[in-house]
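S.K.: These protein sequences, in sequence, are chains E and L.
For what it's worth, my numbering labels the leading residue of the first sequence as 6, then goes sequentially.
For what it's worth, my numbering labels the leading residue of the second sequence as 6, then goes sequentially.
Number of protein chains: 2
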Amino acid sequence: MPDGPRSLDAQELQAYFALMEVSSLLRHAVEQHLRADGDLSYVQFQILARLSDSPTGSHRMTDLADGVVYSRSGLTYQARLLEKAGLITRSASPDDERSVTVTITDAGRALVARLLPGHVEVVSRLLFEPLSREDLTALTSLLTPVRDHMRATPPRSAAPRRRGTARRPTGGAARRPAH
Amino acid sequence: MPDGPRSLDAQELQAYFALMEVSSLLRHAVEQHLRADGDLSYVQFQILARLSDSPTGSHRMTDLADGVVYSRSGLTYQARLLEKAGLITRSASPDDERSVTVTITDAGRALVARLLPGHVEVVSRLLFEPLSREDLTALTSLLTPVRDHMRATPPRSAAPRRRGTARRPTGGAARRPAH
DNA sequence: TAGCGTTGGTTCAAGTTCGAAGCAAGTAGA
DNA sequence: TCTACTTGCTTCGAACTTGAACCAACGCTA
Numbered sequence: 006m007p008d009g010p011r012s013l014d015a016q017e018l019q020a021y022f023a024l025m026e027v028s029s030l031l032r033h034a035v036e037q038h039l040r041a042d043g044d045l046s047y048v049q050f051q052i053l054a055r056l057s058d059s060p061t062g063s064h065r066m067t068d069l070a071d072g073v074v075y076s077r078s079g080l081t082y083q084a085r086l087l088e089k090a091g092l093i094t095r096s097a098s099p100d101d102e103r104s105v106t107v108t109i110t111d112a113g114r115a116l117v118a119r120l121l122p123g124h125v126e127v128v129s130r131l132l133f134e135p136l137s138r139e140d141l142t143a144l145t146s147l148l149t150p151v152r153d154h155m156r157a158t159p160p161r162s163a164a165p166r167r168r169g170t171a172r173r174p175t176g177g178a179a180r181r182p183a184h
Numbered sequence: 006m007p008d009g010p011r012s013l014d015a016q017e018l019q020a021y022f023a024l025m026e027v028s029s030l031l032r033h034a035v036e037q038h039l040r041a042d043g044d045l046s047y048v049q050f051q052i053l054a055r056l057s058d059s060p061t062g063s064h065r066m067t068d069l070a071d072g073v074v075y076s077r078s079g080l081t082y083q084a085r086l087l088e089k090a091g092l093i094t095r096s097a098s099p100d101d102e103r104s105v106t107v108t109i110t111d112a113g114r115a116l117v118a119r120l121l122p123g124h125v126e127v128v129s130r131l132l133f134e135p136l137s138r139e140d141l142t143a144l145t146s147l148l149t150p151v152r153d154h155m156r157a158t159p160p161r162s163a164a165p166r167r168r169g170t171a172r173r174p175t176g177g178a179a180r181r182p183a184h
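As structure tokens, this is what we get:
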């Protein structure tokens with residue numbers, strides 16, 4: 006039971022650093038593979054994977070953006086590329102005139118299917134090799150609640166779009182438009 | 006018992022997805038905080054943190070790039086920004102005329118010190134809150150070997166710079182200059 | 001059903017990221 | 001010590017990302 010607002014001690018920092026380092030390295034390796042083998046970026050693959058995983062083969066733009074933790078405008082950009090490449094289609098939603106439904110095409114599914122083995126190979130070699138079966142189970146049962154916890158709290162797209170009623174995040178700094 | 010070149014089963018996929026999802030969400034949250042509170046990007050903070058962690062307060066460019074899993078040219082760019090902001094200095098190495106030694110300044114250390122509490126707060130709230138003390142220990146002991154394993158295999162900058170003896174990565178796709 | 005705040009997407013400008021190419025300094029071998 | 005390869009870093013061009021601004025469709029409520 007976490008007690009009060011304690012700060013990170015050495016143990017915790019190690020966990021945090023290891024987590025970020027592992028994910029960076031893994032992502033980098035996967036990225037290399039996807040680019041070399043299918044000329045896809047990591048996000049693009051994620052998008053296609055999520056779509057092909059969906060029972061309907063489609064998702065709304067916003068849900069995709071939240072799912073892959075990406076900006077909406079970034080998703081618009083990527084969706085345009087994927088559409089141009091014939092891997093997805095975009096169409097207006099029947100029920101909500103505003104929203105755009107993204108659907109994976111057969112070509113998209115085929116591409117995912119073609120890339121998956123290599124993808125899996127990379128992940129296996131890097132992430133799973135040093136882990137036993139029990140380790141995997143343990144890792145999953147540790148990370149899943151964390152994921153849910155993170156998803157539960159401020160859902161990214163729930164960030165208030167603060168227009169009129171703008172109020173600064175708190176900031177000690179002036180929050181310039183970046184460098 | 007896993008047999009031969011098995012593919013990822015559901016359990017493994019879950020672990021992989023959870024890992025990437027958690028790190029994405031965490032990184033995104035941390036990024037927001039760093040930007041709002043100190044006008045730093047995640048990489049910039051990582052660079053400063055690594056430097057301030059070093060006994061000498063300095064590192065070579067390449068080592069930094071490898072450390073934070075970043076391209077060399079990207080690091081050059083970021084180093085220029087950090088130098089311009091007075092947070093680091095760059096100087097030629099005494100022993101190797103080619104290499105550049107990056108050193109954190111007092112201002113750099115001060116900034117890290119100022120940002121750390123908030124940083125820790127974000128990480129605590131998102132990552133550690135749903136984990137017990139034992140969970141943390143377990144997570145660390147799972148991820149540390151993985152990190153070491155990943156670091157051991159192809160060290161990123163060891164990628165052959167293939168010049169004359171160039172050979173394409175294999176590609177089923179034409180490997181266009183990206184989209 | 002008009003008013004008003006919210007939500008879904010896109011566009012735009014500005015900043016970032018990466019790989020390829022280039023250059024200089026190190027290094028190994030003949 | 002000349003040649004050829006390697007390594008450390010920067011430059012360059014092209015692609016990617018992002019938040020802010022915008023528009024249109026929704027939803028609530030009086």
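Quick reminder that beta carbons are idealized off the backbone N, C-alpha and C, glycines included.
I want to know whether the segment 27-41 of chain L touches the segment 52-69 of chain L - three or more CB-CB distances under 8 Å.
M.R.: The segment 27-41 of chain L vs the segment 52-69 of chain L: no contact.
S.K.: One question on the structure: do L39 (chain L) and G113 (chain L) come within less than 9 Å of each other, judged by their Cβ atoms?
M.R.: No, the Cβ-Cβ distance between L39 (chain L) and G113 (chain L) is not below 9 Å.
S.K.: Residues of chain L with CB under 7 Å from E134 (chain E), in chain order?
M.R.: In chain order: H154.
S.K.: My output table needs one value for V74 (chain L): the three-state DSSP class, helix, strand or coil.
M.R.: If DSSP states are grouped into helix, strand and coil, V74 (chain L) belongs with coil.
S.K.: From A163 (chain E) to S98 (chain L), what distance separates their C-alpha atoms?
M.R.: With a pLDDT of only 40 at A163 (chain E), under the threshold of 50, the placement of this residue in the model should not be trusted; the figure read from the coordinates follows. Approximately 48 Å, taken between the alpha carbons.
S.K.: Would L132 (chain L) and L24 (chain E) be called neighbours here (beta carbons separated by less than 9 Å)?
M.R.: The answer is yes: Cβ separation under 9 Å.
S.K.: Among the candidates L:E88, L:L141, L:P122, L:R152, whose CA atom is the shortest distance from the CA of L136 (chain E)?
M.R.: Here the closest residue by C-alpha is L:R152.
S.K.: Pairs of beta-carbons, one from the segment 99-107 of chain L and one from the segment 120-134 of chain E, closer than 8 Å: are there three or more?
M.R.: Touching, no.
S.K.: Give a yes or no on whether the C-beta atoms belonging to Q49 (chain L) and G72 (chain L) are separated by under 9 Å.
M.R.: Cβ atoms of Q49 (chain L) and G72 (chain L): not closer than 9 Å.
S.K.: So is M66 (chain L) in contact with chain E if we call contact Cβ pairs under 9 Å?
M.R.: Taking Cβ atoms only, chain E never reaches closer than 9 Å to M66 (chain L), which makes this a no.
S.K.: Taking DSSP's pairing of strands, which residues face V107 (chain E) in a bridge?
M.R.: BP columns for V107 (chain E) point to E:H64, E:R95.
S.K.: Does the distance between the C-beta of I93 (chain E) and the nearest non-hydrogen atom of the ligand MG fall short of 8 Å?
M.R.: This structure does not include the ligand MG; it has no bound ligands of any sort.
S.K.: Closer than 6 Å by C-beta to L45 (chain L): which residues in its own chain qualify, once you throw out the five before and the five after it? Chain order, please.
M.R.: Cβ within range, chain order: L39.
S.K.: Give the secondary structure of E102 (chain E) by DSSP, where H, G and I count as helix, E and B as strand, and everything else as coil.
M.R.: DSSP places E102 (chain E) in coil when its eight states are reduced to three.
S.K.: Could you give the distance in angstroms between the alpha-carbon of V117 (chain E) and the alpha-carbon of A54 (chain E)?
M.R.: Each residue's Cα considered, the two are about 7 Å apart.
S.K.: Does the beta carbon of P60 (chain L) sit closer than 9 Å to a beta carbon anywhere in chain E?
M.R.: Chain E contact via Cβ: absent.
S.K.: I want to see whether chain L comes within less than 9 Å of V117 (chain E), judged by CB atoms only; does it?
M.R.: By this cut-off, V117 (chain E) is not an interface position.
S.K.: Taking a Cβ distance cut-off of 7 Å, strictly less, list which residues of the segment 85-107 of chain L are near chain E, in chain order.
M.R.: Those would be L86, in chain order.
S.K.: Quick one, which of L:V27, L:G43, L:L18 has its alpha-carbon nearest R119 (chain L)'s?
M.R.: That would be L:G43, whose Cα lies nearest to the Cα of R119 (chain L).
S.K.: Helix, strand or coil for S28 (chain E)? Go by DSSP, reduced to three states.
M.R.: Correct three-state label for S28 (chain E): helix.
S.K.: Alpha carbon to alpha carbon, what distance is there between Y47 (chain L) and R138 (chain L)?
M.R.: Those two C-alpha atoms are separated by around 27 Å.
S.K.: Which residue comes first and which comes last in the alpha helix (DSSP H) that contains E139 (chain L)?
M.R.: E139 (chain L) -> alpha helix (DSSP H) spans 138-157.
S.K.: Please classify Q19 (chain E): is it buried, with 16 or more other beta-carbons within 10 angstroms of its beta-carbon, or exposed?
M.R.: Buried is the call here.
S.K.: How far does the alpha helix (DSSP H) with F133 (chain E) in it reach, from first residue to last?
M.R.: Segment: none, F133 (chain E) is in no alpha helix (DSSP H) and carries neither H nor E.
S.K.: So, does the CB of L53 (chain L) fall closer than 9 Å to a CB anywhere in chain E?
M.R.: Not closer than 9 Å to any Cβ of chain E, the Cβ of L53 (chain L) fails to qualify, so no.
S.K.: Can you tell me whether D14 (chain E) is helix, strand or coil according to DSSP?
M.R.: Coil, per DSSP.
S.K.: Assuming E26 (chain L) and H154 (chain E) are in contact, meaning their beta carbons sit under 8 Å apart, how far apart are those beta carbons, in whole angstroms?
M.R.: Incorrect: roughly 12 Å between the Cβ atoms, too far for contact.
S.K.: Between L:I93, L:Y75, L:T142, which has its C-alpha nearest Q37 (chain E)'s C-alpha?
M.R.: If we check each option's Cα against that of Q37 (chain E), L:Y75 comes out closest.
S.K.: T54 (chain L) lies in the alpha helix (DSSP H); which residues open and close that run?
M.R.: As written in the sequence, residue 54 (chain L) is Ala, which differs from the Thr given in the question. Residues 47-58.
S.K.: Would you say M6 (chain E) faces chain L, with C-beta separation under 9 Å as the test?
M.R.: Annotation note: pLDDT 47 at M6 (chain E) (below 50); position unreliable, coordinate value reported separately. Closer than 9 Å: yes.
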